[in-house]
Amino acid sequence: MNQPLATRDQLLREARKVFADKGFNGGSVRAITSAAGANLGAVSYHFGSKEALYHAVLASVWAEAGEAVARESRREAPPLDRLEAILGVIFMQVAAQPDLGRLMLRELAETRPVPPPIREHLGRLAGTIKAILAEGQADGSIVAGDPQLLVLSFMAQPFHVLAVRDRLRDVLGLPAQEEAVFERVVNNAVAFARRGLSAPGRSA
0 MNQPLATRDQ LLREARKVFA DKGFNGGSVR AITSAAGANL GAVSYHFGSK
50 EALYHAVLAS VWAEAGEAVA RESRREAPPL DRLEAILGVI FMQVAAQPDL
100 GRLMLRELAE TRPVPPPIRE HLGRLAGTIK AILAEGQADG SIVAGDPQLL
150 VLSFMAQPFH VLAVRDRLRD VLGLPAQEEA VFERVVNNAV AFARRGLSAP
200 GRSA
């Protein structure tokens, strides 16, 4: 028999849905506590503030993705192979957790300072990718170029595709909501990124 979630976990789960749908400013404490079946004071009791709850949500949505990326980065494999695997992991993690992509895109579109959890997790991801790019540039397998700009192009792939996924049927006639079609889109994006990173004269 399944045990009910503890109040803190229930608040996190419901806050994730509300913030993904409404954003930080639009997501009210009342809506979150109501959905969680908790009283209005529960957010203050368990997290201290609405902002602290929001930061906890942002940290939680990246936890699994961050662990998966770290595993791929440590594999004994050529730099391009590890980068390809990492990009695939990011795609699959964000696709499996629609709230993750929506939360990230919402937050990155804001003009206020980037919240610490996003700065920390995306900064760690960027650092991991940059280090692998440097390995590949050193051994000649990855194209020369500004590592920061290469990181930007690399990381933009999954967020861009996932941001427009639901519109691809109307714009390009690509029903990317369908699993098989989305798999083709992801495979193409990963292969495209690999070709773009491969040094001239090296097999992609």
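The sequence shown lines up with residues 0 to 203 when you count with numbering that gives the first Met the number 0.
Glycine included, C-beta positions come from ideal geometry on N, C-alpha and C.
The structure displayed is predicted, hence computed values, not measured ones.
Span separating the alpha-carbon of G139 from that of A198: By one-based count along the sequence shown, residue 139 stands at place 140. By one-based count along the sequence shown, residue 198 stands at place 199. Going from the Cα of G139 to the Cα of A198 covers about 7 Å.
Please name the residue or residues paired with I141 in a DSSP beta bridge. By one-based count along the sequence shown, residue 141 stands at place 142. According to DSSP, which records beta bridges pairwise, I141 is partnered with S197.
Rounded to whole angstroms, what is the Cα-Cα separation between V189 and V180? For the purposes of this step, residue 189 is taken as residue 190 along the sequence shown, with counting starting at 1. For the purposes of this step, residue 180 is taken as residue 181 along the sequence shown, with counting starting at 1. Between V189 and V180, the C-alpha separation is close to 14 Å.
Using the Cβ count rule (16 or more neighbours within 10 Å means buried), how would you classify L148? Start at 1 with the first residue of the sequence shown, and residue 148 comes out as number 149. Per the 10 Å Cβ criterion, exposed.
Is there contact here, the region 163-181 with the region 48-64, by at least three beta-carbon pairs under 8 Å? no
At the level of alpha carbons, what is the spacing between L196 and A5? Counting from one through the sequence shown, the residue named residue 196 turns up at place 197. Counting from one through the sequence shown, the residue named residue 5 turns up at place 6. Each residue's alpha carbon lies about 46 Å from the other.
Quick check: K129 and P115, are their CB atoms within less than 8 Å of each other? Against the sequence shown, residue 129 aligns to sequence position 130. Against the sequence shown, residue 115 aligns to sequence position 116. Result no, Cβ atoms of K129 and P115 do not sit closer than 8 Å.
Any idea what DSSP makes of P112, helix, strand or coil? Here residue 112 refers to the residue found at position 113 of the sequence shown. Coil.
What span of residues does the alpha helix (DSSP H) with S33 cover, start to end? Residue mapping note: residue 33 aligns to position 34 of the sequence shown, counting from 1. S33 -> alpha helix (DSSP H) spans V28 to A35.
Note the first and the last residue of the continuous alpha helix (DSSP H) segment covering G100. Position 101 of the sequence shown, counted from the start, is the residue given in the question as residue 100. Start and end: P97 to L107.
Find out if the Cβ-Cβ distance for the pair I141, L151 is shorter than 8 Å. As a position in the sequence shown, residue 141 is number 142, starting the count at 1. As a position in the sequence shown, residue 151 is number 152, starting the count at 1. Result no, Cβ atoms of I141 and L151 do not sit closer than 8 Å.
Given this structure, state the Cα-to-Cα distance separating E245 from N186, to the nearest angstrom. Since the first residue of the chain shown is 0 and the last is 203, residue 245 is not available in this structure.
What number of angstroms, rounded off, separates the C-alpha of K49 from the C-alpha of M154? Here residue 49 refers to the residue found at position 50 of the sequence shown. Here residue 154 refers to the residue found at position 155 of the sequence shown. Between K49 and M154, the C-alpha separation is close to 29 Å.
What did DSSP end up calling N186 once you bin it into helix, strand or coil? Position 187 of the sequence shown, counting from 1, holds the residue named residue 186. Residue state, collapsed to three classes: helix.
How is R12 classed by DSSP in three states: helix, strand or coil? On the sequence shown, position 13 is the one that residue 12 refers to. Three-state DSSP puts R12 in a helix.
Please report the straight-line C-alpha distance between A95 and A62, rounded to a whole angstrom. Position 96 of the sequence shown, counted from the start, is the residue given in the question as residue 95. Position 63 of the sequence shown, counted from the start, is the residue given in the question as residue 62. Approximately 13 Å between the Cα atoms of the pair.
Three-state secondary structure (DSSP) at S48? In the sequence shown, the residue the question calls residue 48 occupies position 49. S48: coil per DSSP, three-state reduction.
Euclidean distance between Cα positions of V17 and R7: If you number the sequence shown from 1, residue 17 lands on position 18. If you number the sequence shown from 1, residue 7 lands on position 8. Those two C-alpha atoms are separated by around 15 Å.
Tell me whether G122 sits in a helix, a strand or coil according to DSSP, three-state version. Mapped onto the sequence shown, residue 122 falls at position 123. Three-state result, G122: helix.
Give the secondary structure of R81 by DSSP, where H, G and I count as helix, E and B as strand, and everything else as coil. On the sequence shown, residue 81 is found 82 positions in, with the first residue counted as 1. The answer is helix: DSSP assigns R81 an H, G or I state.
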